[in-house]
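Here's the structure we're looking at; comments come further down.
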Amino acid sequence: MAFLSLEFRNLNDLLVQQLHDLYDAEQRLTEALPKMAEAATSSELKSAFNDHLRETQGHVRRLEQVFNQMGCEPKRETCMAIKGLIAEGDEMITAKGDDHVRDAGLIAAAQRVEHYEMAGYGSVRTFAQQLGMQEVASLLQKTLDEEGAADKKLTRIAEGFVNVSTPQGAPAGSQYAS
Ligand code: FE
Ligand code: ZN
Ligand code: FE
Numbered sequence: 594m595a596f597l598s599l600e601f602r603n604l605n606d607l608l609v610q611q612l613h614d615l616y617d618a619e620q621r622l623t624e625a626l627p628k629m630a631e632a633a634t635s636s637e638l639k640s641a642f643n644d645h646l647r648e649t650q651g652h653v654r655r656l657e658q659v660f661n662q663m664g665c666e667p668k669r670e671t672c673m674a675i676k677g678l679i680a681e682g683d684e685m686i687t688a689k690g691d692d693h694v695r696d697a698g699l700i701a702a703a704q705r706v707e708h709y710e711m712a713g714y715g716s717v718r719t720f721a722q723q724l725g726m727q728e729v730a731s732l733l734q735k736t737l738d739e740e741g742a743a744d745k746k747l748t749r750i751a752e753g754f755v756n757v758s759t760p761q762g763a764p765a766g767s768q769y770a771s
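According to the working numbering, the sequence shown is numbered sequentially starting from 594.
This is the structure:
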């Protein structure tokens, strides 16, 4: 795949490019999350994915608000990283074997996505602040907070799985047996 050749005249250009990347990432995630929810066995995990799907649809709209505020086009620029992370999620979705272990794998894949988004939103939030765009910065901060909360919720669910894990020395794959 060819890389775009980027040119930045100033920090604003970089901010716009990063927002276009996030705009693509969020839209891809609105397609990936329903599949994650469907694949999840735990009802708590299923609803966490469904809740975050609704938030993610809000992230798409919030980015549109940001583009609107900045007077620029809501363009998508292919986010290669999220494509890779979603492909890893797909690997978990189609994994066979123990359902509860697959749930733990879905969480591991989803948390990689949340951390990636947190890094992305942290950067654009800071750029917006540096450019004196306080309203844009606070919109981006709201999404950043929701990504952080989604990540923490997944950690809590994963920790709940550990509580039903097996005695030491059991063969891998048999833990989480219900
Ligand atoms: Fe998001
Ligand atoms: Zn990206
Ligand atoms: Fe997210």
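Glycine included, every Cβ here is placed at the ideal spot set by N, Cα and C.
Query - Reduced DSSP category for S771 - H, G, I as helix; E, B as strand; rest coil - result: Because S771 carries a pLDDT of 45, less than 50, the predicted location of this residue cannot be relied on, and the following value inherits that uncertainty. In the structure shown, S771 sits in coil (DSSP, three-state: anything other than H, G, I, E or B).
Requested in this report: Measure the alpha-carbon distance for L699 versus C672 and round it to whole angstroms.
Outcome: Approximately 21 Å, taken between the alpha carbons.
Query - K668 versus D744 - alpha carbon distance - result: About 27 Å.
Report task. Grab the span of the alpha helix (DSSP H) containing R654 for me, first residue to last. Result -> S636 to M663
Query - Selection from K746, F754, R621 and L607 that minimises the alpha carbon distance to G677 - result: Of K746, F754, R621 and L607, the smallest CA-CA separation from G677 is found for R621.
Query - Contact under 7 Å by Cβ, R655 with T736 - result: yes
Requested in this report: Give me the Cβ distance between K628 and I686, rounded to the nearest whole Å; I'm assuming they're in contact under 8 Å.
Outcome: Contact holds; Cβ gap of about 6 Å.
Query raised in the report: Using a threshold of 6 Å, is the CB atom of T649 nearer than that to any non-hydrogen atom of ligand 1?
Result: Correct: T649 has its Cβ closer than 6 Å to ligand 1.
Report task. Determine the burial state of V718: buried for a count of at least 16 other Cβ atoms within 10 Å of its Cβ, exposed for fewer. Result -> Per the sequence shown, the amino acid found at residue 718 is Arg instead of Val. Under this definition R718 is a buried residue.
Report task. Within 10 angstroms of the Cβ of R647, are there 16 or more other Cβ atoms? Answer buried if so, exposed if not. Result -> exposed
Requested in this report: Taking all protein chains shown into account, decide if D614 is buried (16 or more other Cβ within 10 angstroms of its Cβ) or exposed.
Outcome: buried
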